[in-house]
Amino acid sequence: MTSPRNAPASIQTAKNVSTRASHYEVSTKLWALTSAALAMPGIAQAAVPPEKPIFGLRLSQYSEDALQASNTLGNQAVDRYDIGVMHLNGVIPYSEKVSFAVDMEYETMSGASPWYSIKDPASNKAKVVMTGASIDDTRLDMNASGSYYLPDARLDVHTGFSTEEDYQSFSGGMGTALEFYQQQLVVDMGMSFSADRLQPTPHSQLLADNQKRTTDERKGSYGIYVGFTQVVNRLMTFQSGVNMLLKTGYLSDPYKLVQVADMTGFPQVVSENRPGDRSSVVWVNRVRAYFEDYSGALHLDYRYYSDNWNLTSNTFELSWNQELKGNWTLTPGIRWYQQSEASFYAPYYLAPRADEFYSSDYRLSDFTAMSYYFDVRKKLGDVDIVFAFEDYTSSGDNPALTNFMLMTVGFDYRF
Amino acid sequence: MITVSEHVSPLISQHLLEPCADWRCVQYNFKLMGSPCQCIVYGQDPANLSVIMQQVFTELQALEQQFSRYQQDSWLSQVNQAAGTGQPVLQTPMSLAWVSYADQAFQQSGGLFDATAGVLRQAWDFKGGRLPDPAHIDALLPLIGWDQVQWNSHSIYLPLCGMQLDFGGFGKEYAADYAAARFRALGVDHGLVDLGGDLAVIGLQPNQQPWKVGVRDPFFRNSQSRPSGRAVCQLTLSQGGLATSGMYERCIRTDLKCYGHILQPRTGWPAEDTWASVTVLASQCIVAGTLSTVSLLQSAADARHWLQETGLSYVLVDAQGRVETAQLNF
Amino acid sequence: MTQPSRVLSCCVLIAMISGCTVVEVKPWQRNILAKPVMAGNADSALAGIRDHVFFSKEGATGTASAGGGGCGCN
Chain A
3 MTSPRNAPAS IQTAKNVSTR ASHYEVSTKL WALTSAALAM PGIAQAAVPP EKPIFGLRLS
63 QYSEDALQAS NTLGNQAVDR YDIGVMHLNG VIPYSEKVSF AVDMEYETMS GASPWYSIKD
123 PASNKAKVVM TGASIDDTRL DMNASGSYYL PDARLDVHTG FSTEEDYQSF SGGMGTALEF
183 YQQQLVVDMG MSFSADRLQP TPHSQLLADN QKRTTDERKG SYGIYVGFTQ VVNRLMTFQS
243 GVNMLLKTGY LSDPYKLVQV ADMTGFPQVV SENRPGDRSS VVWVNRVRAY FEDYSGALHL
303 DYRYYSDNWN LTSNTFELSW NQELKGNWTL TPGIRWYQQS EASFYAPYYL APRADEFYSS
363 DYRLSDFTAM SYYFDVRKKL GDVDIVFAFE DYTSSGDNPA LTNFMLMTVG FDYRF
Chain B
21 MITVSEHVSP LISQHLLEPC ADWRCVQYNF KLMGSPCQCI VYGQDPANLS VIMQQVFTEL
81 QALEQQFSRY QQDSWLSQVN QAAGTGQPVL QTPMSLAWVS YADQAFQQSG GLFDATAGVL
141 RQAWDFKGGR LPDPAHIDAL LPLIGWDQVQ WNSHSIYLPL CGMQLDFGGF GKEYAADYAA
201 ARFRALGVDH GLVDLGGDLA VIGLQPNQQP WKVGVRDPFF RNSQSRPSGR AVCQLTLSQG
261 GLATSGMYER CIRTDLKCYG HILQPRTGWP AEDTWASVTV LASQCIVAGT LSTVSLLQSA
321 ADARHWLQET GLSYVLVDAQ GRVETAQLNF
Chain C
3 MTQPSRVLSC CVLIAMISGC TVVEVKPWQR NILAKPVMAG NADSALAGIR DHVFFSKEGA
63 TGTASAGGGG CGCN
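Protein chains in written order, with our numbering: chain A, 3 to 417; chain B, 21 to 350; chain C, 3 to 76.
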């Protein structure tokens, strides 16, 4: 804006607040000079303004690939789940000490899912029987959290509620983050709980007449976590954490069945049955390293999981976050997942189990999955636009293992 | 880059200084680091305000003592006297912060802001109004270069005899931030610190209004440059700091052009084709001052782009008197 | 966990940890660390969606942070 020399001077309001929240792009020189200035004695930091409010929307959609004909009992390809997700989130800074975040997820699911698997006498392979009916379900999930900032620490509390036709869950938790060495080391810890209630819809629970129908079951989970984030040098951070979770109550899937050969060898189809408790430990490690010559950051994640159902898994994720001119960020990545089978899992059972635990759910089987993805992000003024694509395939012995392609579009708006 | 010892004050609108209800205003004019300064504070007990004012003034004088090149026994003078002698000088916690800031300013400006460029003072005679001898400047250039300074958290050493350290490029701005912070710590919530044109806000006016500040027209001259100059632009300042750098405050005029007092460390001469004055607003006056000074060491287009990258508010006045501003709302 | 995966995981971890000689980073040197591409999750909303999708397709659950609620999908 230019004005000729002799025009009347107009009053302009200038806001010279230049401190920005850590998730903004910060002008390097301004950051460096301001930080150096703040290190000078006697300069108390000007009142730190709260971060700006952010509103975000994501729309995701994925369709599981149709089950191959050779894997189904009827030798016909069967369509599986189509899932759409709308996710809204907002960060609402309240003051320099308090900030809130809310998010809501609305998910629609329709399609058929694996019901049980059997041993096909003709081929001696396991094959999937799908639920004939197509399920149409929606889920609404809402969460709210609050954070309170102290000079060297942050306290968080969160609560959430999820509801779908047959399942409600109420969750909550609290945590704290403690900062050391001017935030070069942050230690965080917390705990969470979830109280769930399952009331299977009768028409979806298809059983033989003499099988017990599940009507109203509960499940509780309790978790604690502790971890740290360490700034290693000006280009790298390392994060590591452990989460221990205990789930008790009704942990089976009321819609799934298993084929069990009885004492005489005759195959029966019965409801699956999982143990009433599942305790697990998760160990997550992450490295973020920036390469100045390439204007990009390498992300490497490793997660180890192990539980008392004897299921262990390893997940590796590697991505490259490339900054491009014009405020574009391009992130290709890969994820490799591997898990071993639960101790009581089998695609079908040739004899009854003494502990009476059965499940043919592919999610308890031995498999590996690989996904390739890329994200594109563009900043336009106060709006960030994001597009993401992911192609997931899994392989293993269970015939019901699924592949899908996930697509997401969305934006974040900073006020 | 030469120390500017006579900043011209921005204009602070008179009507602000009328008392607001039961608030009393105490205004103190003094000279510090060679410049006319004033502190305006509001409070309910003027006697107490005066005591606070005196205390802050005393502390500012102590600061000046440590980092002034005029005082023979200041830390800065010790470093300058030890140049080329092989004897490093120990850092104090305060000096380390100053040296670190000077280092950051050097890095972030691509070497344009250089705390060793004060030796150019020996060649440039602004009071006399004569251009320097190019040979003299060339002789001084090897003594300039922050990257030659050997320093760490323990000590600092200027390797060549004749090298000089000079914190004048940000000393006054730092003092403004320091004074404002001290006032706040001593319980003053409303006021403004003005050290020769470098402003730091202590707090809003008692009626919760921001301070109205005018950016002085760099071309308007009367015989004594009295404070009743003309403003090209008015701003409101609610927090943080403001600093102005101007080519025309002190310059040597020839028939062809005006040579300002902000000199490039690599050439020893002022920048060509740059702004007449740059005013920057930032959270700290010291940062605003560094940015405004470095802007005058670049060409006009480069300086504008460089400032825009920071996202801060600024006012630019060019040699023809045209004004450009950026008001960025956060 | 199979023997090869165990060896691989250990190697990756050792590689991660050996890169970590911690150096003091002054506040004014943290501009790169503040970049969005250096955050734990560059897009936390998308990360949440992905985590939920994997949670419903795989056996492992959880990350090392606050747990969320349950759902009928696993």
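Just so it is clear, CB atoms sit at the ideal spot from N, CA and C, and this is done for glycine as well.
Bear in mind the structure is a predicted one, so any value in this text is a computation, not a measurement.
DSSP places Gln168/B in no beta strand (DSSP E); its state is neither H nor E. Below the 8 Å Cβ cutoff, chain C contributes Lys37 and Val39 as neighbours of Glu325/A, in chain order.
The beta carbon of Ser342/A sits closer than 8 Å to those of Asn312, Leu313, Thr314, Ser315 and Asp368, all from its chain and outside the five residues before and after it, given in chain order. Non-local C-beta neighbours of Arg337/A in its own chain, meaning closer than 6 Å and more than five positions away in sequence, comprise Glu319 and Ser373, ordered along the chain. Neighbours of Gly131/B in chain A, taken as residues at a C-beta separation under 7 Å, are lacking, since the least C-beta distance is about 13 Å. Spanning the alpha carbons of Gln254/B and Tyr194/B requires a straight line of approximately 24 Å.
Here DSSP, grouped into helix, strand and coil, assigns Gln184/A to coil.
Distance from the CA atom of Pro66/B to the CA atom of Ala38/A, rounded to whole angstroms, is 35 Å. When the five nearest sequence neighbours on each side are left out, the beta carbons in the same chain lying within less than 6 Å of the beta carbon of Asp377/A are those of Thr333 and Ala390, in order along the chain. By the Cβ rule, the segment 189-208 of chain B counts as touching the segment 82-99 of chain B, because three or more pairs are nearer than 8 Å.
Cβ contact annotation for Met144/A (same chain, cutoff 6 Å, sequence separation greater than five): Met106 and Phe163, in chain order. Asn227/B carries a coil assignment under DSSP once its states are collapsed to helix, strand and coil. Taking the beta carbon of Lys380/A as reference, no residue of chain B falls within 7 Å; the closest one sits roughly 19 Å away. Residue pairing of Phe195/A in beta bridges, as defined by DSSP: Gly174/A and Tyr224/A. Taken through DSSP and simplified to helix, strand or coil, Thr112/B comes out as coil. Near chain C, meaning a CB-to-CB distance below 8 Å, the residues of the segment 241-267 of chain A are Gln241, Ser242, Gly243, Val244, Asn245 and Leu247.
Taking 7 Å as the Cβ-Cβ cut-off, the segment 300-321 of chain B approaches chain A at Leu301, Ala302, Ser303, Gln304, Ile306, Val307 and Thr310, given in chain order. The segment 329-341 of chain B and the segment 290-303 of chain B touch, with no fewer than 3 CB-CB distances between them shorter than 8 Å. Here Ser265/B is buried, its C-beta having at least 16 other C-beta atoms within 10 Å. Annotation: Cβ neighbours of Ser120/B in chain A (cutoff 7 Å, chain order): Ala38 and Ala41.
Looking at Val235/B, Pro285/B and Ala251/B, the one whose alpha-carbon comes closest to that of Phe133/B is Pro285/B.
Taking 9 Å as the cut-off, the Cβ atoms of Ser120/B and Ala371/A do not count as close.
Under the three-state reduction of DSSP, Lys277/B is assigned to coil, being neither helix nor strand. Annotated as proximal: Leu185/B and Asn100/B, with beta-carbon spacing under 9 Å. For Met73/B, the uninterrupted alpha helix (DSSP H) run begins and ends at Pro66 to Phe87, by DSSP. For Ala34/A, the enclosing alpha helix (DSSP H) has its first and last residue at Thr30 to Leu40. Contact between Ala114/A and Val80/A holds, since their C-beta atoms are separated by about 6 Å, short of 8 Å.
Excluding residues up to 5 positions away in sequence, Arg199, Leu200 and Gln201 lie with their Cβ nearer than 8 Å to the Cβ of Asp218/A in the same chain. Residues Val244 and Tyr306 of the same chain have their beta carbon placed closer than 6 Å to that of Trp285/A, with the five preceding and five following residues left out of the count. The Cβ of Arg44/B sits no closer than 9 Å to any Cβ of chain A. Within chain A, no residue has its CB atom less than 7 Å from the CB of Asp53/C, the nearest being about 11 Å off. Between Tyr394/A and Leu408/A, the C-beta gap is smaller than 9 Å, which places the two residues in contact.
Taking the C-beta atoms as reference points, Asp154/A is found no nearer than 9 Å to Phe195/A.
Assignment of Trp330/A by DSSP, reduced to helix, strand and coil, places it in the strand class.
Ser72/A sits in a helix when the DSSP states are folded into three classes.
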